[in-house]
Amino acid sequence: REVKEAVDRQKNAELRALEAQINPHFLYNTLDSINWMVRMNRNDEVSEMIDALIMLFRISLSKGRTFITIEEELCHVEKYFQILKIRYSRILNYKIDVPCEIFRYTTIKMILQPLVENALYHGIEKKRGGGTIRVCADVKDGCLVVQVADDGCGMTPEKLEEVQREVAGDLGQISEGGFGLPNIQKRIQLAYGADYGIHVSSRLGCGTRVTLQIPAKS
Numbered sequence: 001r002e003v004k005e006a007v008d009r010q011k012n013a014e015l016r017a018l019e020a021q022i023n024p025h026f027l028y029n030t031l032d033s034i035n036w037m038v039r040m041n042r043n044d045e046v047s048e049m050i051d052a053l054i055m056l057f058r059i060s061l062s063k064g065r066t067f068i069t070i071e072e073e074l075c076h077v078e079k080y081f082q083i084l085k086i087r088y089s090r091i092l093n094y095k096i097d098v099p100c101e102i103f104r105y106t107t108i109k110m111i112l113q114p115l116v117e118n119a120l121y122h123g124i125e126k127k128r129g130g131g132t133i134r135v136c137a138d139v140k141d142g143c144l145v146v147q148v149a150d151d152g153c154g155m156t157p158e159k160l161e162e163v164q165r166e167v168a169g170d171l172g173q174i175s176e177g178g179f180g181l182p183n184i185q186k187r188i189q190l191a192y193g194a195d196y197g198i199h200v201s202s203r204l205g206c207g208t209r210v211t212l213q214i215p216a217k218s
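Taken in order, the sequence shown gives residues 1 to 218; the numbers are from the working numbering.
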């Protein structure tokens, strides 16, 4: 029992450490957007973004909980989309398509926001004319399957292979550009075990899809 409790404490500590890596990076990008809009004298939009940021961080705190409902996680990512749309309204569209019966299932928090961020900065922003990010979810064979897909620039086979190796932990360090996917993979496997995680697929010129699989638990 003591060994199990020690292992659980270690897992919780690692989960919280990985969570802590997300917020500074996200906050930096959001404050950069706010600074850009202040310089453009878009004060009403600055106020709107700050209100969304306050709500987003309120959800992120989640009273110290690591696990939240899918409904709460989707509310979190919806606020993030609102922030992105203020700055990227000309190039970004998004759609969240998740049946309400899935809302009751739980997930580790802040798992979708990094995927949406990747889709924007590595896919949509680099595509002429912009594009759409879609978030969808379903339950299959006792697993909650969530997908974040974009119709952005996509990746070359070589880049996709590199990203897949990073997710699998086969590279000594994360390549420049980040992607943030190894962080999510580690958090999922710490929380649920090695049978769960993320899979990345992409075609150059067509877009990228990240599929996330965790146990369907409520």
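Quick reminder that beta carbons are idealized off the backbone N, C-alpha and C, glycines included.
Considering only the beta carbon of each residue, do S202 and G130 sit closer than 8 Å?
No, Cβ-Cβ distance for S202 and G130 is not below 8 Å.
Per DSSP, P215 is paired with what?
Bridge partners of P215: C143.
Run through DSSP, which three-state label would D195 get?
D195: coil per DSSP, three-state reduction.
Classify E117 as buried or exposed, calling it buried when 16 or more other Cβ atoms lie within 10 Å of its own Cβ.
Buried is the call here.
Is it buried or exposed for N234, if we count other Cβ within 10 angstroms and need 16 for buried?
Examination of residue 234 is not possible in this model, given that the chain is present from 1 through 218 alone.
Nearest CA to the CA of V139: which residue from Q213, E45 and L61?
Considering only alpha carbons, the answer is Q213.
Start and end of the beta strand (DSSP E) containing Y94?
Run containing Y94: L92 to D97, per the beta strand (DSSP E) assignment.
So, helix, strand or coil for G207, using DSSP?
It is a strand residue.
Taking Cβ to Cβ, would you say Y192 is nearer than 8 Å to P157?
No.
Going by beta carbon distance, what residues of the same chain come within less than 7 Å of K127, once the five residues before and after it are set aside?
Taken in chain order, the residues that qualify are G152 and C153.
Please give me, in chain order, every unbroken run of the beta strand (DSSP E) with length at least 3 that falls completely inside the region 59-89.
Correct list: 67-69.
Three or more beta-carbon pairs under 8 Å between the region 64-74 and the region 42-51, yes or no?
No, the region 64-74 does not touch the region 42-51.
What are the start and end residues of the beta strand (DSSP E) that includes I228?
The structure shown does not extend to residue 228, since the chain spans only 1 to 218, so no value can be given for it.
Let me know the secondary structure DSSP gives I133 once reduced to three states.
In this structure, I133 counts as strand in the three-state DSSP scheme.
Going by DSSP in three states, D51 sits in which element: helix, strand or coil?
It is helical.
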